[in-house]
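Visitor: Residue numbers (the numbering used here), protein chains in the order written: chain A, 1 to 130; chain B, 131 to 155.
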């Protein structure tokens with residue numbers, strides 16, 4: 001059974017974090033653009049970008065968590081993830097978005113839009129999946 | 131004596147959720 005203990009927040013969403021793209025270029029997390037993800041995935045031999053559309057957002061098991069249901073890729077596979085409300089996702093053409101942008105900004109100093117049903121997020125799958 | 135450490139650099143893919151679609155074949 002899964003634990004509902006608090007999940008450690010990844011450090012790389014903090015404003016100013018240095019991110020290395022697949023071609024070696026370094027960018028701050030807040031400066032990333034949709035093309036950076038697309039171009040990095042094009043270079044990658046293992047990963048490919050998929051579009052994941054937000055289908056539902058429900059309350060999670062603990063008050064700071066949400067369960068987000070995505071429709072992934074052309075197959076529209078249904079995938080659910082439980083994350084903290086401040087967890088940011090990158091929305092195509094829009095940038096960082098979370099279920100609670102105020103909290104994301106407060107914790108990470110990362111400017112965020114509100115993640116909504118219908119938003120299309122950048123996600124990854126394995127190229128070798130057949 | 132604390133040596134100055136370089137700033138951590140994170141790979142781009144760590145920022146992206148890995149959502150493997152269910153294969154329906």
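Ideal Cβ placement from N, Cα and C applies to all residues, glycine included.
All values derive from a computational prediction rather than experimental measurement.
For residue 121(A), which residues does DSSP report across the bridge?
Guide: As a working note, residue 121(A) is residue 121 in the first chain. 52(A) and 91(A), per the DSSP bridge assignment.
Visitor: Could you pull out every residue in the same chain whose Cβ sits closer than 8 Å to the Cβ of residue 127(A), ignoring the five residues on either side in sequence?
Guide: Working through the first chain from its first residue, we reach residue 127(A) at position 127. So the list reads 44, 45, 46, 47 and 48, once near-sequence residues are dropped.
Visitor: Output, in sequence order along the chain, the residues in the segment 30 to 43 of chain A whose CB is closer than 9 Å to any CB in chain B.
Guide: Within the segment 30 to 43 of chain A, the residues whose Cβ lies closer than 9 Å to some Cβ of chain B are 32, 36, 37, 40 and 41, listed in chain order.
Visitor: Show which residues of chain B have a CB atom less than 9 Å away from the CB atom of residue 20(A).
Guide: Looking up residue 20(A) in the first chain gives position 20. Within 9 Å Cβ-Cβ: 139, 140, 141 and 142.
Visitor: Could you compute how far the alpha carbon of residue 77(A) sits from the alpha carbon of residue 139(B)?
Guide: The sequence position of residue 77(A) within the first chain is 77, counting from 1. The sequence position of residue 139(B) within the second chain is 9, counting from 1. Cα to Cα, residue 77(A) sits roughly 32 Å from residue 139(B).
Visitor: Within 10 angstroms of its Cβ, does residue 101(A) collect 16 or more other Cβ (buried), or is it exposed?
Guide: Here the question's residue 101(A) lines up with position 101 in the first chain. Result: buried.
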